[in-house]
Amino acid sequence: MWKGVLPAVTTKFDEDGSLDHDEMLRCFRIQMDAGVDGLIACGSLGEGPMLSHEERIDVLKLCKEAAGAKPALLTVAEASTRDACALAQKAARAGADGLMVVPSTIYHTDPRETVATLRAIAQAGDLPIMIYSNRLAYRVDVTVEIMEELADDPRFVAVKESSDDIRRSTDIINRFGDRFDLLTGVDNLAFEALMVGAQGWVAGVGLAFPEETVAIWRLVQARRYDEALRIYRWFRPLLDLDVSTYLVQNIKLAEAIAIGSNERVRAPRLPLAGARRDAVERTIRAAIANRPTLPALA
Numbered sequence: 020m021w022k023g024v025l026p027a028v029t030t031k032f033d034e035d036g037s038l039d040h041d042e043m044l045r046c047f048r049i050q051m052d053a054g055v056d057g058l059i060a061c062g063s064l065g066e067g068p069m070l071s072h073e074e075r076i077d078v079l080k081l082c083k084e085a086a087g088a089k090p091a092l093l094t095v096a097e098a099s100t101r102d103a104c105a106l107a108q109k110a111a112r113a114g115a116d117g118l119m120v121v122p123s124t125i126y127h128t129d130p131r132e133t134v135a136t137l138r139a140i141a142q143a144g145d146l147p148i149m150i151y152s153n154r155l156a157y158r159v160d161v162t163v164e165i166m167e168e169l170a171d172d173p174r175f176v177a178v179k180e181s182s183d184d185i186r187r188s189t190d191i192i193n194r195f196g197d198r199f200d201l202l203t204g205v206d207n208l209a210f211e212a213l214m215v216g217a218q219g220w221v222a223g224v225g226l227a228f229p230e231e232t233v234a235i236w237r238l239v240q241a242r243r244y245d246e247a248l249r250i251y252r253w254f255r256p257l258l259d260l261d262v263s264t265y266l267v268q269n270i271k272l273a274e275a276i277a278i279g280s281n282e283r284v285r286a287p288r289l290p291l292a293g294a295r296r297d298a299v300e301r302t303i304r305a306a307i308a309n310r311p312t313l314p315a316l317a
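Listed below in structure tokens is the structure:
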């Protein structure tokens with residue numbers, strides 16, 4: 020159902036802290052013009068937990084407007100199952116094409132609770148679901164065994180695999196074949212995941228460099244692996260910016276430099292400063308100075 024490059028978009032703010040609808044629509048259209056295969060709103064990178072439900076639905080609607088016939092998903096990442104179910108219902112009414120679901124963001128559910136939470140959200144929204152498995156950021160590991168328990172519900176269609184263990188991708192394919200669409204959620208493991216069979220990439224740094232992200236995906240699909248690897252090796256220092264406590268600030272700074280956006284974040288986050296900012300900016304500008312010429316793509 021969901022394959023290719025689906026960036027997890029950032030949320031843009033005005034100077035007064037309200038949503039900047041015009042800037043989001045501009046940035047989302049840059050992604051679509053580069054050839055991405057859909058958009059995911061209000062994930063970790065989109066500062067979803069910092070937004071009200073109403074704001075998240077507004078961002079989703081902008082994604083839908085930009086994406087056109089391609090899918091626009093909303094991330095559900097709530098502390099309580101009740102709030103997650105309420106958001107899933109709101110997303111369905113707003114026309115979401117699916118949900119990307121984190122089991123819980125505060126209480127670290129055990130396997131039985133994880134299954135119950137995911138089933139409840141699926142029932143509430145009645146939409147296709149991408150399970151977001153990220154044991155490092157959210158302390159809940161959606162294991163292969165948990166996926167097996169959920170496999171009887173056809174609403175669970177995909178997995179965003181972010182365990183930081185590339186072996187997990189092969190484990191999922193070996194256990195389930197094509198039952199779930201497998202997408203990588205770790206930017207600096209993307210090439211490796213695609214090479215072992217991932218069918219898509221939930222991209223982060225690609226927001227600032229969408230053409231390169233799409234090129235890697237399409238070259239891998241065309242089995243032009245050497246060309247894809249050349250771009251990926253150039254990309255790696257940038258992709259490392261996604262694997263950080265400061266991924267939101269890092270990537271928003273990259274967007275500001277590369278596509279002329281802004282780096283406003285919602286408190287308690289603050290834009291990067293000092294030595295950390297200098298280091299990130301050097302990485303971004305060095306990559307831009309050595310940006311590769313992309314090969315022709317079908």
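Quick note on the numbering used here: the sequence shown kicks off at 20 and runs consecutively.
Positions of the beta carbon are idealized from the N, C-alpha and C atoms, including for glycine.
Whole angstroms is fine: what's the gap from residue i's alpha carbon to residue j's?
i      : j      : result
Ser188 : Ala222 : 16 Å
Gly225 : Glu74  : 23 Å
Ser280 : Leu291 : 15 Å
Asp396 : Leu201 : Residue 396 lies beyond the stretch modelled for the chain, which goes from 20 to 317, so this question has no answer here.
Ala241 : Ala247 : 10 Å
Glu66  : Val28  : 10 Å
Glu282 : Ile59  : 19 Å
Thr41  : Phe210 : In the sequence as presented, Thr is not what sits at residue 41; that position holds Asp. Spanning the two alpha carbons is a distance of roughly 33 Å.
Leu257 : Arg285 : 23 Å
Asp261 : Leu208 : 11 Å
Ile49  : Asp39  : 16 Å
Pro314 : Phe228 : 15 Å
Phe254 : Val134 : 36 Å
Gly114 : Thr94  : 14 Å
Ile125 : Ala103 : 12 Å
Asp160 : Thr302 : 32 Å
Ala156 : Asp129 : 16 Å
Ala141 : Ile192 : 23 Å
Asp259 : Arg252 : 11 Å
Thr30  : Glu167 : 34 Å
Ala275 : Asn269 : 10 Å
Less than 7 Å between the CB of residue i and some heavy atom of the ligand MG, yes or no?
i      : result
Trp253 : Here there are no bound small molecules, and the ligand MG is not part of this structure.
Output the boundary residues of the alpha helix (DSSP H) element that contains residue i.
i      : result
Gly216 : Neither: Gly216 is in no alpha helix (DSSP H) and is coded neither H nor E.
Asp190 : Ile185 to Phe195
Can you say whether residue i is buried or exposed, counting buried as having 16 or more other CB atoms within 10 angstroms of its CB?
i      : result
Pro173 : exposed
Met20  : exposed
Gly219 : buried
Glu97  : buried
Gln87  : One detail in the question is off: residue 87 reads as Gly in this sequence, not Gln. Result: exposed.
Leu92  : buried
Arg237 : buried
Leu146 : buried
Leu289 : exposed
If contacts are defined as beta-carbon pairs under 8 Å, then residue i and residue j qualify, I think. What distance do you get, rounded to the angstrom?
i      : j      : result
Val15  : Val163 : Any answer about residue 15 is impossible in this case: the structure gives the chain only from 20 up to 317.
Leu64  : Val267 : 6 Å
Glu180 : Gly204 : 6 Å
Lys109 : Ile150 : The Cβ separation is near 20 Å, so there is no contact.
Ala107 : Gly144 : 3 Å
Arg154 : Ser123 : So it is not a contact: roughly 12 Å between Cβ atoms.
Leu79  : Phe47  : In fact, because the Cβ distance is near 11 Å, the residues do not count as touching under 8 Å.
Leu213 : Val178 : At roughly 15 Å, the Cβ-Cβ gap does not stay under 8 Å, so Leu213 and Val178 are not in contact.
Gly62  : Pro90  : Not quite, the Cβ-Cβ distance comes to about 14 Å (not below 8 Å), so this is no contact.
Which residues bound the beta strand (DSSP E) around residue i?
i      : result
Tyr151 : Ile148 to Ser152
Leu118 : Gly117 to Val120
Leu58  : Leu58 to Ala60
Thr203 : Asp200 to Thr203
Phe175 : Phe175 to Glu180
Ala315 : Premise fails: Ala315 is in no beta strand (DSSP E) and is neither H nor E.
* **Those runs of the alpha helix (DSSP H) which lie wholly inside the stretch 214–276 and span at least 4 residues** => 229–240 and 244–258
* To do: Could you tell me which uninterrupted beta strand (DSSP E) segments, each at least 3 residues in length, are contained entirely in the stretch 283–312, listed from first to last along the chain?
  => none
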